[in-house]
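Chemist:
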Amino acid sequence: MRHLISPLDFTTEELNQIFDLAASIEQNPQKYAHVCDGKILATCFYEPSTRTRLSFESAMTRLGGQVIGFSDAGSSSASKGESVSDTIRVISCYADICAMRHPKEGAATVASSKSLIPVINAGDGGHQHPTQTLTDLLTIKNLKGRLDNFTIGLCGDLKFGRTVHSLIHALVRYPNIRFLFISPEELRIPDYILEMLKERKIPFEEVIRLEDVLPQLDLLYMTRVQRERFFNEEDYVRLKDFYILTTEKMKLAKEDMLVLHPLPRVNEIDVEVDDDPRAAYFKQAQYGVYVRMALIMTLLELV
Ligand code: CP
244 MRHLISPLDF
254 TTEELNQIFD
264 LAASIEQNPQ
274 KYAHVCDGKI
284 LATCFYEPST
294 RTRLSFESAM
304 TRLGGQVIGF
314 SDAGSSSASK
324 GESVSDTIRV
334 ISCYADICAM
344 RHPKEGAATV
354 ASSKSLIPVI
364 NAGDGGHQHP
374 TQTLTDLLTI
384 KNLKGRLDNF
394 TIGLCGDLKF
404 GRTVHSLIHA
414 LVRYPNIRFL
424 FISPEELRIP
434 DYILEMLKER
444 KIPFEEVIRL
454 EDVLPQLDLL
464 YMTRVQRERF
474 FNEEDYVRLK
484 DFYILTTEKM
494 KLAKEDMLVL
504 HPLPRVNEID
514 VEVDDDPRAA
524 YFKQAQYGVY
534 VRMALIMTLL
544 ELV
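Everything in the sequence shown is counted per the working numbering, starting at 244 for the first residue and increasing by one.
This is the structure we're talking about:
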């Protein structure tokens, strides 16, 4: 039995198989409409979510399966003190596969160690968000035609942004990727990631001003400042609008640069940018359904 806890749990070859399956699902959804007949997905979300939870639910429903779950810890027995380990043992009796989001780093790992069914990490604290990474990689592959040879700027909250951490871990396995980390000092990318890049001799730079590097980028990955992970509101208010991508700034970017964002957006991308053909974030959300369908099929060994 396999789980997805980190983007590194699949080889690049296995990821390609998932992306090929996602492409096939997109082209011919009817072919896959009953592959999960009789199967149940449990969505155990101890933290708020729109995209991840609903795209998993949409994915399982489109595959013919059914969904059970909870969308906040307060409506589960976690509010009475039940541990993640006990919860997953019980969920294993009710469902065939589980997608779990939890505010604590490592919660999905703990769950997978006790689970009798595949566990998918749907985000654990500020640590990892591997299914967002699958979504991001599929978007880049489909819209750029490759997963190598580019300069990517990651901008915003690089300290707490788990989507950023996951994506970097996945991208280092592809050749000739250069990272530009764009953040205020307080929200710098964690040192352990910089150390990993140095060890692997992967080029990166840290900068503060987005405008200084925008013309160099093939991909711009914007992120929101993660209010829920701040210790005080004052720091959040000071940093929340540090970056705002506008149509004016987009004039500095390459004509074929893609703007990605895991969403939700707050203020960091002006809504006017949505009309720019380089804005790919809503398409990205759409790819999230296909890739989660492919992931569910893969983990349930229905491929
Ligand atoms: N991208 C993402 O994880 O969005 P949600 O928090 O809405 O699931």
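We put the CB at the ideal spot given by N, CA and C, even for glycine.
Are the segment 441-455 and the segment 415-425 touching, with three or more C-beta to C-beta distances below 8 Å?
Modeler: Touching, yes, given that three or more Cβ pairs across the two stretches are closer than 8 Å.
Chemist: Touching or not, the segment 502-510 and the segment 478-491, by the rule of three or more beta carbon pairs under 8 Å?
Modeler: The segment 502-510, when compared against the segment 478-491, does touch it at the 8 Å Cβ threshold.
Chemist: If I'm right that residue 311 touches residue 362 with Cβ under 8 Å, what's the distance once you round it to whole angstroms?
Modeler: Not confirmed; about 15 Å, so no contact.
Chemist: Any chance the CB of residue 296 is under 7 Å from a heavy atom of the ligand CP?
Modeler: Yes, the Cβ of residue 296 comes within 7 Å of a heavy atom of the ligand CP.
Chemist: So is the beta-carbon of residue 397 under 7 Å away from any non-hydrogen atom of the ligand CP?
Modeler: No, the Cβ of residue 397 stays beyond 7 Å of every heavy atom of the ligand CP.
Chemist: How should residue 524 be labelled, buried or exposed, when 16 other C-beta atoms within 10 angstroms of its C-beta is the threshold for buried?
Modeler: With 16 or more Cβ atoms within 10 Å of its Cβ, residue 524 is classed as buried.
Chemist: To the nearest angstrom, how far is it from the Cα of residue 442 to the Cα of residue 473?
Modeler: Looking at the two C-alpha atoms, the distance is approximately 30 Å.
Chemist: Could you tell me which whole beta strand (DSSP E) segments of length 3 or greater appear in the segment 443-485?
Modeler: If we require 3 residues or more, the beta strand (DSSP E) runs fully inside the segment 443-485 come out as 447-450, 462-465.
Chemist: Please look up how many angstroms separate the CB atoms of residue 533 and residue 265, rounded, as I've assumed it's under 8 Å.
Modeler: Indeed they touch by this definition, with Cβ atoms about 4 Å apart.
Chemist: Measuring alpha carbon to alpha carbon, tell me which residue in 466, 457, 412, 461 is nearest residue 445.
Modeler: The residue with the shortest Cα to Cα distance from residue 445 is 412.
Chemist: Pick helix, strand or coil for residue 345, following the three-state DSSP scheme.
Modeler: Reduced to three states, the DSSP call for residue 345 is strand.
Chemist: Can you give me the C-alpha to C-alpha distance between residue 349 and residue 405, rounded to a whole angstrom?
Modeler: Taking the straight line from one Cα to the other gives about 12 Å.
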